[in-house]
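Asks: In my numbering, the protein residues as written are 2 to 73. Let me begin by handing over the structure; questions about it come next.
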Ligand code: SF4
Ligand code: SF4
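Here it is as structure tokens:
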């Protein structure tokens, strides 16, 4: 089981990319084919098994889009 699991409230995302830039395991990416209702490209997880649950992504997000569940 991965150490963490991230979920996104996609409709709140403004596509700023801060979460992508600050994930130490480089598992976040902007999906250039999927827009939310506000017209921003949403963020997805490429390799969920590599999430370490650090929550850097959630801390960096200016719009509180990301929830991190930490597995113990
Ligand atoms: S919790 Fe850490 S490892 Fe997991 S997606 Fe966020 S920044 Fe990356
Ligand atoms: S930091 Fe937040 S608003 Fe910016 S791209 Fe990531 S999820 Fe979207």
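Each residue gets a CB set at the ideal place from its N, CA and C atoms; glycine is no exception.
Return yes when the C-beta of residue 62 is under 7 Å from any heavy atom of ligand 2, and no when it is not.
Replies: Correct: residue 62 has its Cβ closer than 7 Å to ligand 2.
Asks: Residue ranges of each beta strand (DSSP E) run of no fewer than 3 residues wholly in the region 14-53, ordered along the chain?
Replies: The qualifying runs are 29-36 and 42-46.
Asks: What is the rounded straight-line gap between the Cα of residue 60 and the Cα of residue 16?
Replies: Looking at the two C-alpha atoms, the distance is approximately 15 Å.
Asks: Should residue 38 and residue 70 be called a contact, given that it needs their Cβ atoms to be closer than 8 Å?
Replies: Not a contact, by the Cβ cut-off of 8 Å.
Asks: So which of 2, 9 and 4 has the shortest CA-CA distance to residue 68?
Replies: Considering only alpha carbons, the answer is 9.
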